[in-house]
Amino acid sequence: MMSTYLIGDVHGCFDELMALLVQVSFNPAHDRLWFTGDLVARGPASLEVLRYVRSLGPAAQMVLGNHDLHLLAVYAGISRNKPKDRLNDLLNARDVNTLINWLRRQPVMLVDNDLKLVMAHAGVTPQWDLETAQLCAREVEAILSSDSYPLFLDAMYGDMPNHWSPELSGLPRLRFSTNVFTRMRYCFSGGQLDMICKEAPSLLKPWFYLPSPVVEGNAETPGYAIAFGHWASLEGKGTPDNIYALDTGCCWGGELTMLRWEDKQVFTQPSLAQGVAAVGAE
Ligand SMILES: [Mn+2]
Numbered sequence: 085m086m087s088t089y090l091i092g093d094v095h096g097c098f099d100e101l102m103a104l105l106v107q108v109s110f111n112p113a114h115d116r117l118w119f120t121g122d123l124v125a126r127g128p129a130s131l132e133v134l135r136y137v138r139s140l141g142p143a144a145q146m147v148l149g150n151h152d153l154h155l156l157a158v159y160a161g162i163s164r165n166k167p168k169d170r171l172n173d174l175l176n177a178r179d180v181n182t183l184i185n186w187l188r189r190q191p192v193m194l195v196d197n198d199l200k201l202v203m204a205h206a207g208v209t210p211q212w213d214l215e216t217a218q219l220c221a222r223e224v225e226a227i228l229s230s231d232s233y234p235l236f237l238d239a240m241y242g243d244m245p246n247h248w249s250p251e252l253s254g255l256p257r258l259r260f261s262t263n264v265f266t267r268m269r270y271c272f273s274g275g276q277l278d279m280i281c282k283e284a285p286s287l288l289k290p291w292f293y294l295p296s297p298v299v300e301g302n303a304e305t306p307g308y309a310i311a312f313g314h315w316a317s318l319e320g321k322g323t324p325d326n327i328y329a330l331d332t333g334c335c336w337g338g339e340l341t342m343l344r345w346e347d348k349q350v351f352t353q354p355s356l357a358q359g360v361a362a363v364g365a366e
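Heads up: the sequence shown begins at 85 in the working numbering, then just goes up one per residue.
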């Protein structure tokens, strides 16, 4: 029987990923994996993780995270390669060009209409219904997979605009969408994104505490569940029904979490790294 496994931020923790897949006797001929993104950076084996996930072909799907986009920007010469990201093996690999070109063609949002399930690295803003989210995802994916993707990578950093409007266009629109899919944590009560605070001042709420048209559905569209990563300090807890936080900070000495969608059973693999620093925020 086929199973669908949703896996939180791997961040180069290849050994922990393998241990999780052994726990459930993962079989790429029958099962599928959905990754919340941030496959790379911080952990010891980003190169091995990318090679492995790519090698699975249609058995594995992922959404892009902020660290995946950062890797693309480093490779394009737009961002600086920081030693703490531990990307040198990957950047110097003989197949780096293949891996980068594969990575930039991955989506920022996955939708399964049978499972009624949506996945994005950071989440989906409550300012969007499913149709709008899919439109905005396709726009980001189109430019990232095109030849002009360095232009987009150069313009994607920045915190404004922080409020959705269908009138947004061009690079500001792409930047808003990218921030939603890959960086968002808190929103103001009107749904505007706050891109600065990692702690919660009183005016801010986690995005998933605001009513979401995606989760609630409407007369024409049923509600969908949302799975996301990105936010390790949640420790996978505190989200409403039908919203699943899957990043449990493996690269910070926490654990790698995997949710089997069909029966909602959770599998975890503690970090195998020795002497990892205290749990970080990203
Ligand atoms: Mn992450």
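Glycine included, every Cβ here is placed at the ideal spot set by N, Cα and C.
Secondary structure of G333, DSSP reduced to three states = strand
Euclidean distance between Cα positions of V208 and F265 = 6 Å
inquiry  = According to DSSP, simplified to helix, strand and coil, what is D196?
reply    = strand
query = Does DSSP put I162 in a helix, in a strand, or in coil?
reply = coil
query = Based on the DSSP output, what are the partners of L201 in its beta bridges?
reply = D196 and A309
ask   = For A303, is the classification buried or exposed, using 16 other Cβ atoms within 10 angstroms of its Cβ as the cut-off for buried?
value = exposed
task = State the beta-bridge partners of M102 as determined by DSSP.
result = Partner(s): none; M102 has no beta bridge.
Beta-carbon spacing of A129, H151 below 8 Å = no
ask   = Under a Cβ-count criterion, where at least 16 other Cβ atoms within 10 Å of its own Cβ denotes burial, should H95 be classed as buried or exposed?
value = buried
query = Under the three-state reduction of DSSP, which class applies to P290: helix, strand or coil?
reply = strand
inquiry  = As a quick check of your reading: which residues have a C-beta less than 5 Å from at least one non-hydrogen atom of ligand 1, in chain order?
reply    = D93 and D122
query = By a C-beta neighbour count over all protein chains shown, 10 Å radius and 16 as the cutoff for buried, is Q107 buried or exposed?
reply = exposed
task = Say whether the region 230-244 touches the region 325-339, bearing in mind that this needs 3 or more beta-carbon pairs closer than 8 Å, one atom from each stretch.
result = no
query = Buried or exposed: A204, going by 16 or more other Cβ atoms within 10 Å of its Cβ?
reply = buried
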